[in-house]
Every structure is written in structure tokens, then in C-alpha cells.
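Q: Here's a structure for you.
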Amino acid sequence: MADYEKWLFAANGALGLSVFGLLATILLAYPLADALLLSVQIAAHIGTLVFAVGVKVAYVARLVFLSRLGRPVH
41 MADYEKWLFA
51 ANGALGLSVF
61 GLLATILLAY
71 PLADALLLSV
81 QIAAHIGTLV
91 FAVGVKVAYV
101 ARLVFLSRLG
111 RPVH
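All the letters of the sequence shown, read from the start, carry residue numbers 41 to 114 under our numbering.
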């Protein structure tokens, strides 16, 4: 059970970092795009996709570990 607690903590952390990264890349890709080089804009758009996948994977991992620990999954 202690291993699942560690993995749940890691999944929660990954979810938080992914959400933060997603918000940052959205800001860079859209409202701040005029102030950035084209290469940075491209990286921001690619980062938006990568961080969106990170949010999904971390959320599913979180649900799995909550389920394994016998906690309610909402």
C-alpha cells in the first residue's frame, strides 16, 4: 500500500506540473505570440499538445492509484 501512496503522490505532482505547463504554453502560444519568435511560437504549440497529453495520463494514473488504495474515485 505504501508504494501506491508514493505513486499517487507522483501522479498528483505530475498532474499539477502538467496543468501549469499547459497554461504556460497556452499563454505563450496565443496572447503573447506577437512578442515571440516564430520558433518559440512553434515550441509553445507543440508544448500545448505535450502537456495536454501529460494532464490526461497523470489523471488516469491518479484514478488508478486511488482505486488500488480503495479510495473513492470521482
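Even for Gly, the Cβ is constructed at its ideal location relative to N, Cα and C.
State whether the segment 50-58 contacts the segment 77-87, with contact taken as three or more CB pairs (one from each stretch) at a distance under 8 Å.
A: Cβ pair count under 8 Å is below three, so no.
Q: Return the chain-ordered list of same chain residues with a C-beta closer than 7 Å to the C-beta of Arg108, the five sequence neighbours on each side being excluded.
A: Result list for Arg108: Tyr44, in chain order.
Q: Drop a sphere of 10 angstroms on the beta-carbon of Phe49, count the other beta-carbons inside from all chains shown, and report buried for 16 or more, exposed for fewer.
A: Flag for Phe49 reads exposed.
Q: Buried or exposed: which applies to Phe91, given that a residue is buried once 16 or more other Cβ atoms fall within 10 Å of its Cβ?
A: It counts as buried.
Q: From what residue to what residue does the alpha helix (DSSP H) around Val93 run?
A: Residues 78-108.
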